[in-house]
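Note that my numbering numbers the sequence shown so that position 496 is 496, with each residue one more than the last.
In this text, a Cβ means the ideal position worked out from N, Cα and C, and glycines have one as well.
Encoded as structure tokens, the structure appears first; notes follow it.
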Amino acid sequence: MREFLLGFGSIMRSGWRASPRRMVVVFALMLLEYVSWPLAPLVLKEVTDAVVARDVEGATVAAAFLPFLALLNQIGGHLAHVVWVELCDLNLLQVNRELGELSHGPQGLEHHERPDYADRLELMRNEGNPMYQSVRVSVRSLGLAVQLTITIVMLTLLEPLLLLLLLFALPPLATARWAHRRFEFAIWGDVERSREATHLLDLAVRADAAKEIRIFGLEDELRGRLRASREQLRRRRFRAEYEGVAVMSAGQLVFALGYVGGLLLVVRGAVAGEHTPGDVVLAVTLAAQMNTLVYDIVFASGFLQRSAQAMARLAWLRGLIARLYPPATRAAAVPARLREGIRFERVGFTYPGTETEILRELDLEVPAGATIAFVGENGAGKSTLVKLLCRFYDPTSGRIVVDGEDLARFPAADWRERIAAGFQDFVRFELVARESVGVGDLAAVEDGAVVAAAVERAAADDVVMQLPDGLETQLGKSHADGAELSGGQWQKLALARAMMRTAPLLLILDEPTSALDAHAEHVLFERYAASARAVARATGGIAVFVSHRFSTVRMADLIVVIDGGAIVEQGSHAELIARGGMYAELFSLQAAAYG
């Protein structure tokens, strides 16, 4: 119940934030609709008693109120619908905006890699309708409460024993709550299967997966697995729905028995002269309204519980982000220029939810203006080091010091504004080419000259020259006139994006050339080295690159060999070759492989 009330409060606050004016309007229209509805039986009572008494004037005056009440009810219902559409749209946009901010705000990456986060995100992704209708159902529930209150008062005045109908209304409400819990249990039990089905559907429609699916003849296998996943989800959820309907029907049957009993009570009273014919009409119409009202409350209760659950999940995500990424207690200003450099002091790191230590007591000093390369076998911890430098994560133990200041004291967003980076798992921004590159520095995204210079530094001139409208060409197959690029071409544009910021404190290339051949990579790293020297002169910035091709890392001032989460060697290319250790062995093996 507490979670339900918290969710209900969150829904109402969300609607108010979306549009206070529209919330006031729908509340007013709701009162018109739900107050006028139970007053109609009272008017019918007066009309009936006046007709029985042959009071033409009284019957005429009373009957005149019926179209007035009907008009109020219709105005409230129809006008409210128009406002609801706008309010629901605005509320859903606000919820989606907050969800986007929570997911891709200035935090790290830990929440993206947590199963409990993935579970709730998957559930919210499948709850579009409850989220869309949440404010409408919540306000409607308040309207039903107003109507129920008026109906109870009128029943009490007519026949106190009719209040027993409220007791008969409890089973439908209780069974509705049980049905919701049963359905919620089914959803939670299937969340992993739901994620699997989403992944399989994604594979089925992705262009980059089509080649392997066809080469290996996986079409039928993929369709079969997707069908099996969807069928299992359908069976479990439909079973939960059917069980809920059966139990709710039993609850409705209990109310129906009370409803019939109440009518018989009033009819017997009328026969005994204790009630007027108008009282019988009032009892029949109120009881009929009560029947509809209970049904509406049961329906709204179930829907509202789903909506409240969805809002509770959003609140859980909000709380998770606040716990994972608390603001720095003593925030420090990011330096405009590096003077000392970056130092790793006994840095250790273990990914949340795991026990494997990825980095172990790592000590390393990188002077300002240096170019450093991390090398090692897959899984050695190279990319994890890059994540720590970008403050996607903070070290589990030890610390990273920048010009004598703990990196954790810098606001993450401020620090990242001074980083230029290109990653192996780059994004394909299907925008105009100028924007796809220019988002690497939003302040300069409209400056074609700045973007063109970044393209040149990334050796991506050939890609832009092949585009029909150059930098103003629309990219991506999601647009009818979008130019489709190869993997290597997309990667070159991603590298140009990394070159947009010309005065970073940290210039990072983390395995960014997987789709490029060795010659193209070498040309790129030569330009990268030139950019690194320019950055070093301008800001004392440090250039970091990670590559599996040893022929490109030899130009670095410092090469650091990582193995098993620890530094096993460091020095210049010549020093490491002369030492004859792990680096020399790997370099020789790769040189032999390339002939």
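DSSP places Ala578 outside any beta strand (DSSP E); the residue lies instead in the alpha helix (DSSP H), whose first and last residues are His573 to Arg579. Counted as a single uninterrupted DSSP element, the alpha helix (DSSP H) harbouring Ser383 occupies residues Lys382 to Leu389. One Cα belongs to Leu558, the other to Trp490, and the distance between them is close to 30 Å. The alpha-carbon separation between Gln147 and Gln305 amounts to approximately 20 Å.
Counting other Cβ atoms within 10 Å of its Cβ, Gln474 reaches 16 or more and is therefore classed as buried. In this structure Ala498 is in contact with Ala420, their Cβ atoms being roughly 5 Å apart against a cut-off of 8 Å. Residue burial is scored here from C-beta neighbours: Ser588 has fewer than 16 other C-beta atoms within 10 angstroms and is therefore classed as exposed. The residue among Ala584, Ala246, Glu472 and Leu495 with its C-alpha nearest the C-alpha of Asp441 is Leu495.
Note that the C-beta distance between Ile542 and Val334 is not below 8 Å. Between the alpha carbons of Gly422 and Val464 lies a distance of about 18 Å. Within the same chain, Gln424 and Val546 come within 6 Å of Glu511 by CB-CB distance, once the 5 residues on both sides are set aside.
By alpha-carbon distance to Leu69, the top candidate from Pro38, Asp55, Val95 and Asp414 is Pro38. Rounded to the nearest whole angstrom, the CA to CA distance from Gly143 to Asp406 is 56 Å. Per DSSP, Thr292 lies in no beta strand (DSSP E) segment; the continuous alpha helix (DSSP H) that holds it begins and ends at Pro277 to Leu324. Annotation for Ala538: Ala503 place their beta carbon closer than 6 Å to its own, counting only its chain and skipping 5 residues before and after.
Rounded to the nearest whole angstrom, the C-alpha separation of Leu90 and Met23 is 11 Å. Rounded to whole angstroms, the Cβ separation of Val95 and Ser36 is 32 Å, and the two are not in contact under 8 Å. Within the DSSP secondary-structure output, Thr371 pairs in a beta bridge with Ala543.
Segment contact: the segment 558 to 568 against the segment 362 to 382, three or more CB-CB distances shorter than 8 Å; contact assigned. Counting the other CB atoms within 10 Å of its CB gives Gln74 a total below 16, which places it among the exposed residues. One alpha carbon belongs to Val294, the other to Pro115, and they sit about 40 Å apart. Looking at the DSSP output, Ala566 shares a beta bridge with Asp563. Contact between the segment 147 to 158 and the segment 306 to 325 is absent, with fewer than three C-beta pairs closer than 8 Å.
DSSP, reduced to helix, strand and coil, places Phe392 outside both helices and strands of the structure shown, so it counts as coil. DSSP, read as helix, strand or coil, puts Leu467 in coil.
Between Gly244 and Ala179 a beta carbon distance of about 3 Å is seen, short of the 8 Å cut, so the two are scored as contacting. Looking at the DSSP output, Ala421 shares a beta bridge with Ile508. When secondary structure is reduced to three states using DSSP, Glu365 falls in the strand class. An exposed status is given to Pro67, since fewer than 16 other beta-carbon atoms sit within 10 Å of its beta-carbon. The count of Cβ pairs closer than 8 Å, one atom from the segment 155 to 162 and one from the segment 230 to 242, stays below three, leaving the stretches out of contact. In the DSSP assignment, Thr48 falls within the unbroken alpha helix (DSSP H) covering Pro20 to Val52.
Under the 8 Å Cβ criterion, the segment 280 to 298 counts as touching the segment 37 to 54, having at least three qualifying pairs. For Phe410, no alpha helix (DSSP H) run applies, since DSSP gives it neither H nor E. Close CB contacts of Gly353 within its chain, under the 7 Å cut and outside five residues either way in sequence, are with Arg114 (chain order).
Per DSSP, the unbroken alpha helix (DSSP H) holding Val260 starts and ends at Glu219 to Val271. Per DSSP, Glu345 is one residue of the beta strand (DSSP E) stretching across Gly341 to Thr350.
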